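Have a look at the structure below, then the notes.
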Amino acid sequence: MSVLVYAELDSGRFKKATLEACSYGVALATMRNSDVAAIVIGECHESELLQIVECGISKVFRVLDSHLETFTTTKYISVIQSIVRENGFNTLITSQSYNSKSITPGLSIRLKSAFISGVVGLPRIEDGKEIYQRMAFSGKGVEEVIALLSDIVISVKTNSFGVNKNKTGELNVIPFNFSLSDDVNDIVPKEIIKTSSTISLTDAEKVVSGGRGLKGPENWGMIEELAGLLGAATACSKPVADVEWRPHHEHVGQTGIQISPDLYIAIGISGAIQHLAGVNSSKVIVVINKDSEAPFFKSADYGIVGDAFEVVPKLINAVKKMKNSL
Ligand SMILES: Cc1cc2nc3c(=O)[nH]c(=O)nc-3n(C[C@H](O)[C@H](O)[C@H](O)COP(=O)(O)OP(=O)(O)OC[C@H]3O[C@@H](n4cnc5c(N)ncnc54)[C@H](O)[C@@H]3O)c2cc1C
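Start counting at 1 in the sequence shown, then tack on 6, and there's your number in the working numbering.
This is the structure:
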């Protein structure tokens, strides 16, 4: 039951979600008393690879090929499939990044494996079977899943397991030479446009989000200022994106991006079920709303009943004061 983790690089760096997948793979292999390795595709500094070692993975299959410099699903599926098959791995672990989400279904078909997406912890064992848990009904329930095949592809829900970088070991890099056959049909990305230089919403550990209670786009300065001070990404509710107060890529919820940051601050957002579906697995939720009956307060860890235009400037000043005193 050996485990392979797809350690995805993003511009030569490992994101937190990747290190979380590595930590999960190590814990699963330890639980099964089996081997664990990682596959890294593309260029990166050795110090990045050492982070994987700190997570507990020493054996790293390294693929360097100019055809793989840009991510495309078919090529990445082909190379990961080859490593899994040639080395007899029967469990593949990935994060839930956009790229990983786009390859895991195809990989599970190619590998004739079960696919369990978005697991939120290690499985428990019942009658010798591994029972995995994942969120269901927009986070309102927990679903228990058993794989009916011995080979499994598992994606780990972001921020559900955590990163454990407390191990030591010797890095053992195994170069994997892979030649893509000419019949691999694929798309060729012409241009990759990064949305902005600010923190990406899906990877953010802290998110400051605004809703219709903010009255108009001209009032987002305080949201951005608070986010900047906290090192947070900005987000918004759907109606706010619909009327173009904010860009669509900031819209979180059932029909938007689903996030699980450590801290989610919701300002002037009512907390409709469709909004909660995208944010309720955040570790700590802070709600600022002038209506004490706003449904969001039921899901909040901390709530402030008050006018956002009074509360947020006070919060900004408090954070500034705290930072200055450090
Ligand atoms: C199929 C479907 C899918 C949907 N998907 C999504 C989704 O993905 N994401 C999403 O967000 N919504 C989604 N919605 C819409 C959702 O149902 C709500 O309408 C929406 O989330 C409400 O946005 P809001 O909280 O910003 O606005 P409102 O509901 O208008 O709430 C504004 C809140 O601000 C508070 N407020 C007002 N003034 C102030 C002030 N000065 N200070 C503090 N608080 C103040 C009010 O008390 C109120 O609670 C979906 C709806 C449907 C039907």
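Don't be surprised by glycine CBs; every beta carbon is placed ideally from N, CA and C. Model, not experiment: these values are computed from the prediction.
**Asked** Beta carbon of residue 218: closer than 7 Å to some heavy atom of ligand 1?
**Response** Mapped onto the sequence shown, residue 218 falls at position 212. Correct: residue 218 has its Cβ closer than 7 Å to ligand 1.
**Asked** Under a three-way DSSP split, which group does residue 246 fall into?
**Response** Reading the sequence shown from its first residue, position 240 is the one you call residue 246. In this structure, residue 246 counts as helix in the three-state DSSP scheme.
**Request:** Using 10 angstroms around the beta-carbon of residue 228, count the other beta-carbons present and answer buried if the total reaches 16, otherwise exposed.
**Result:** If you number the sequence shown from 1, residue 228 lands on position 222. Label assigned to residue 228: buried.
**Message:** Using the Cβ count rule (16 or more neighbours within 10 Å means buried), how would you classify residue 26?
**Reply:** Here residue 26 refers to the residue found at position 20 when the sequence shown is read from its first residue. Buried, because 16 or more other Cβ atoms sit within 10 Å of the Cβ of residue 26.
**Request:** Go to residue 319, then tell me how far its alpha helix (DSSP H) extends in each direction, as first and last residue.
**Result:** One-based indexing of the sequence shown puts residue 319 at position 313. Looking at the DSSP string, the run of the alpha helix (DSSP H) that includes residue 319 is 314 to 331.
**Prompt:** Closest to residue 292 by CA distance: which of 300, 309, 159 is it?
**Reply:** Position 286 of the sequence shown holds residue 292. Looking at the Cα atoms, 309 is the closest of the given residues.
**Item:** heavy atom of ligand 1 below 7 Å from residue 296 C-beta
**Value:** For the purposes of this step, residue 296 is taken as residue 290 along the sequence shown, with counting starting at 1. Indeed, a heavy atom of ligand 1 lies less than 7 Å from the Cβ.
**Asked** Between the C-alpha atoms of residue 324 and residue 216, what's the straight-line distance to the nearest angstrom?
**Response** Numbered from its first residue, the sequence shown carries residue 324 at position 318. Numbered from its first residue, the sequence shown carries residue 216 at position 210. Spanning the two alpha carbons is a distance of roughly 19 Å.
**Asked** Looking at residue 122 and residue 153, is the spacing between their C-beta atoms short of 8 Å?
**Response** Against the sequence shown, residue 153 aligns to sequence position 147. Against the sequence shown, residue 122 aligns to sequence position 116. Closer than 8 Å, so yes.
**Message:** Whole angstroms are fine: how far does the CA of residue 256 sit from the CA of residue 284?
**Reply:** Here residue 284 refers to the residue found at position 278 when the sequence shown is read from its first residue. Here residue 256 refers to the residue found at position 250 when the sequence shown is read from its first residue. Looking at the two C-alpha atoms, the distance is approximately 12 Å.
**Contiguous beta strand (DSSP E) assignments of at least 3 residues, all confined to the region 158 to 202** = List check, beta strand (DSSP E) in window: 158 to 162, 178 to 181.
**Request:** Would you list the residues sitting across from residue 135 in a DSSP beta bridge?
**Result:** Taking the sequence shown and counting its residues from 1, one reaches residue 135 at position 129. Note: residue 135 sits in a beta bridge opposite 132.
**Item:** Proximity to residue 316 [Cα-Cα], best of 225, 33, 263, 103
**Value:** As a working note, residue 316 is residue 310 in the sequence shown. Taking only the C-alpha atoms, the option nearest residue 316 is 225.
**Message:** Measuring only from the beta carbon, is residue 222 closer than 7 Å to any heavy atom that is part of ligand 1?
**Reply:** Taking the sequence shown and counting its residues from 1, the one referred to as residue 222 is at position 216. For residue 222, the shortest separation between its Cβ and any heavy atom of ligand 1 does not lie below 7 Å.
**residue 130 to residue 249 span [Cα, whole Å]** = On the sequence shown, residue 130 is found 124 positions in, with the first residue counted as 1. On the sequence shown, residue 249 is found 243 positions in, with the first residue counted as 1. If I take the Cα positions, the gap works out to 46 Å.
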